[in-house]
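Only one structure is covered here, and it is reproduced in the block below.
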Amino acid sequence: MIDFSEWFHNILEEAEIIDSRYPIKGMNVWLPYGFQLRKHALEILRNILDRDHQETLFPLLIPEDQLEKESVHVKGFEDEVYWITHGGLTRLNKKLALRPTSETAMYPMFSLWIRSHTDLPLKIYQIVNTFRYETKHTRPLIRVREITTFKEAHTVHETMEEAEEQVQEAIRLYKEFFDTLSIPYIITKRPPWDKFPGSDYTIAFDTLLPDGKTLQIATVHNLGQTFSKTFDIKFETPTGEHEYAYQTCYGLSDRVIASIIAVHGDESGLRLPPEVAPYQIIIVPIIFKEEAEEVMKACERIKKRLEDAGFRVKLDDRDIRAGRKYYEWEMKGAPLRIEIGPRDLKKNMIVLARRDTKEKIEIKTENLEEEIDKILHDITNTLREEAWTKMQKNIRTATNLKEAKEIIKEKKGIISFPWCGDEECGKSIEEKIRVDILGITEAEKKSSCINCGKEAEYKAFLAKTY
Ligand code: PR8
11 MIDFSEWFHN ILEEAEIIDS RYPIKGMNVW LPYGFQLRKH ALEILRNILD RDHQETLFPL
71 LIPEDQLEKE SVHVKGFEDE VYWITHGGLT RLNKKLALRP TSETAMYPMF SLWIRSHTDL
131 PLKIYQIVNT FRYETKHTRP LIRVREITTF KEAHTVHETM EEAEEQVQEA IRLYKEFFDT
191 LSIPYIITKR PPWDKFPGSD YTIAFDTLLP DGKTLQIATV HNLGQTFSKT FDIKFETPTG
251 EHEYAYQTCY GLSDRVIASI IAVHGDESGL RLPPEVAPYQ IIIVPIIFKE EAEEVMKACE
311 RIKKRLEDAG FRVKLDDRDI RAGRKYYEWE MKGAPLRIEI GPRDLKKNMI VLARRDTKEK
371 IEIKTENLEE EIDKILHDIT NTLREEAWTK MQKNIRTATN LKEAKEIIKE KKGIISFPWC
431 GDEECGKSIE EKIRVDILGI TEAEKKSSCI NCGKEAEYKA FLAKTY
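Its first residue numbered 11, the sequence shown is counted upward by one per residue in the numbering used here.
So this is what it looks like as structure tokens:
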């Protein structure tokens, strides 16, 4: 791919995903086509979460004293909070923060709701906009100041074991979500200096973008009892004692849409997985004057059949050249195109064009529904396999710093390396080769640390990151 950054900006505009000309840095407008894509991605997410979470909606504003109650948490966010200081012309007695995330909005309410162990576990989520005054370079969908699609789940439990189990459950849910979107990921435990402010530890999902940099696409945090102690979230145990609860939270954002676009896209534009494509099938009539009416009628019949079978279909009957329609829908990533002309009608055949492989397939109209269903599944699988293969090819192992530095310089991507786990050593690795340590996976005792040479404790990963 040419220059990824340029490609990404252009495609967002050309495919009408978002308009980034809104006059506030880091805040963008979702256009109807992009909004549909976002809607379908959220439907998948809601279906997964609704199995055992309840959706809620909390206010956008958080009073100053509430936001500042948890000192580590507020320290982590203080540079990023937008403040409301006035109501009309009146200066407010108490400043109000635009939520950067909702722990401090929700947890005082949890303290009112939770009385007994019978109120637990509590598992809720909301999908809202949050605001972070990002100081790093902003990029549409990737680093924004208004995160328009912030899914945050918050859970409360009786014991640390249950919170640990919920962390594992959240990882399973996110795996299912990203697998449905055919987005590959690596899962690591973030180093302590990069964990969520106020958490015991953070598990993160990262994916690899085409320019060799990784993007954090979801995080799962074990909050332990830090917030329950600050916000007095206590419950009565079966034996009548009062104990502080254990909490987790996990979230993802607009970056999910960014990764659908970036991971699957190619030089002709988007390649949307059928699960989220606003239109899964585009019908293009190939019209010659004399048979126009007959062809249009056939197109409408096919459209109706496919819609009845549950597919999202668009009949593109605009009065422009078919070639231009092909170009446009390829760029917008529609997974499948059907071309119907008079010759095909006579043979009871139609021509399908796959967006992922650009293959053309001729099929009989008889079992159209089943054939198309099979092909759409195959498109999903092809996109998934391609994306995983591409990412795995770009995970390389380094046993010394020089090697790691060279790989980063020449190829970027993700590097796996043995690490002692020491904070000072980790930060020095980050500084020496100007990368981020994504985190650790399993124990790896046999080799020596890439930097200090001491016995390694973990297999760790590093990369240039967004
Ligand atoms: C939490 N609290 O907040 P987190 N633009 C786009 N996406 C972003 C941005 C940004 N500026 N900043 C973060 N993200 C916890 C969990 C409730 C839910 C995305 O966690 O601060 C990142 O993908 O880690 C991140 O993983 C996710 O939001 C959650 O944010």
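Beta carbons are placed, not taken as given, at the ideal position from N, Cα and C, and that holds for glycine. This one's a predicted model, so the numbers in the text were calculated from it and none came from an experiment.
For residue i, the first and last residue of its enclosing alpha helix (DSSP H)
i: Ser81; result: 81–87
i: Ser121; result: 113–123
i: Trp429; result: Note, Trp429: premise wrong, no alpha helix (DSSP H); beta strand (DSSP E) at 424–429.
i: Ile417; result: 411–420
i: Gly44; result: 42–59
i: Thr399; result: 378–403
i: Val273; result: 265–274
i: Lys479; result: With the chain covering 11 to 476 only, the question about residue 479 has no answer from this structure.
i: Phe14; result: 14–24
i: Lys437; result: 433–443
Residues bridged to residue i [DSSP beta-bridge criterion]
i: Ser458; result: Glu465
i: His231; result: Thr212, Cys259
i: Glu253; result: Phe245
i: Ile371; result: Leu362
i: Trp93; result: Ala107
i: Gln178; result: Answer is none; Gln178 lacks a bridge partner.
i: Arg406; result: Ile425
i: Leu218; result: Thr224
i: Pro295; result: Ile350
i: Lys324; result: Ile292
i: Thr486; result: Beyond the ends of the chain as shown, which are 11 and 476, falls residue 486; an answer cannot be given.
i: Ser126; result: Glu246
CA-to-CA distance, residue j to residue i, given in whole angstroms
i: Pro118; j: Thr367; result: 52 Å
i: Trp40; j: Ile27; result: 6 Å
i: Asn103; j: Tyr32; result: 32 Å
i: Lys370; j: Pro428; result: 47 Å
i: Ala129; j: His63; result: A small correction: the amino acid at residue 129 is Asp; Ala does not occupy that position in the sequence shown. Straight-line Cα distance between these residues: approximately 14 Å.
i: Phe141; j: Pro110; result: 5 Å
i: Ile94; j: Glu78; result: 15 Å
i: Met116; j: Asn232; result: 16 Å
i: Ser16; j: Asp326; result: The sequence shown places Glu at residue 16, rather than the Ser named in the question. The alpha-carbon atoms of Glu16 and Asp326 are separated by roughly 29 Å.
i: Glu420; j: Glu413; result: 11 Å
i: Tyr43; j: Ala25; result: 8 Å
i: Ile181; j: Glu246; result: 29 Å
i: Lys422; j: Ser209; result: 30 Å
i: Thr399; j: Ile450; result: 21 Å
i: Ile297; j: Gly333; result: 12 Å
i: Leu99; j: Lys105; result: 14 Å
i: Val445; j: Thr475; result: 7 Å
i: Asp318; j: Lys374; result: 18 Å
i: Cys459; j: Val230; result: 27 Å
i: Ile418; j: Met401; result: 15 Å
i: Arg153; j: Pro248; result: 46 Å
i: Gly431; j: Arg101; result: 49 Å
i: Ile21; j: Lys384; result: 29 Å
Where the beta strand (DSSP E) through residue i begins and ends
i: Asn358; result: Element bounds for Asn358: n/a, residue is neither H nor E.
i: Leu106; result: 100–108
i: Val166; result: 156–167
i: Ile312; result: Unbroken run through Ile312 is the alpha helix (DSSP H), 302–318; no beta strand (DSSP E).
i: Phe141; result: 132–141
i: Asp446; result: 446–453
i: Ile72; result: 71–73
i: Thr198; result: 196–199
i: Arg348; result: Before going further, note that residue 348 is Ile rather than Arg in the sequence given. Ile348 -> beta strand (DSSP E) spans 346–350.
Supposed contact pair residue j and residue i - C-beta distance, whole angstroms, cut 8 Å
i: Phe160; j: Phe188; result: Phe160 to Phe188, Cβ: 17 Å. No contact.
i: Tyr211; j: Gln235; result: Not confirmed; about 14 Å, so no contact.
i: Pro207; j: Val91; result: With a Cβ gap of about 12 Å, Pro207 and Val91 do not count as contacting.
i: Leu393; j: Pro220; result: At roughly 14 Å, the Cβ-Cβ gap does not stay under 8 Å, so Leu393 and Pro220 are not in contact.
i: Glu340; j: Ser278; result: 5 Å
i: Cys259; j: Ala107; result: That pair is no contact at about 18 Å.
i: Arg328; j: Leu346; result: Actually they are not in contact, since the Cβ atoms of Arg328 and Leu346 sit about 19 Å apart, beyond 8 Å.
i: Ile447; j: Glu440; result: 6 Å
Beta-carbon proximity of residue i to residue j, cut-off 8 Å
i: Glu285; j: Leu191; result: yes
i: Ala287; j: Leu355; result: no
i: Leu378; j: Ile330; result: no
i: Ala473; j: Pro194; result: no
i: Gly343; j: Leu386; result: no
i: Val266; j: Tyr289; result: no
i: Asn461; j: Cys435; result: yes
i: Asp5; j: Ser121; result: There is no way to answer for residue 5, as the model of the chain reaches only from 11 to 476.
i: Lys223; j: Ile213; result: no
i: Thr114; j: Asn139; result: no
i: Tyr336; j: Val305; result: no
i: Thr480; j: Pro201; result: There is simply no residue 480 to check, as the chain begins at 11 and stops at 476 in what is shown.
i: Gln176; j: Phe68; result: no
heavy atom of the ligand SAH below 7 Å from residue i C-beta
i: Val154; result: For the ligand SAH, the structure offers nothing, since it holds only the ligand PR8.
CB contact check: residue i to chain C, cutoff 8 Å
i: Ser15; result: Looking at the structure shown, chain C is missing, and only one protein chain is on hand.
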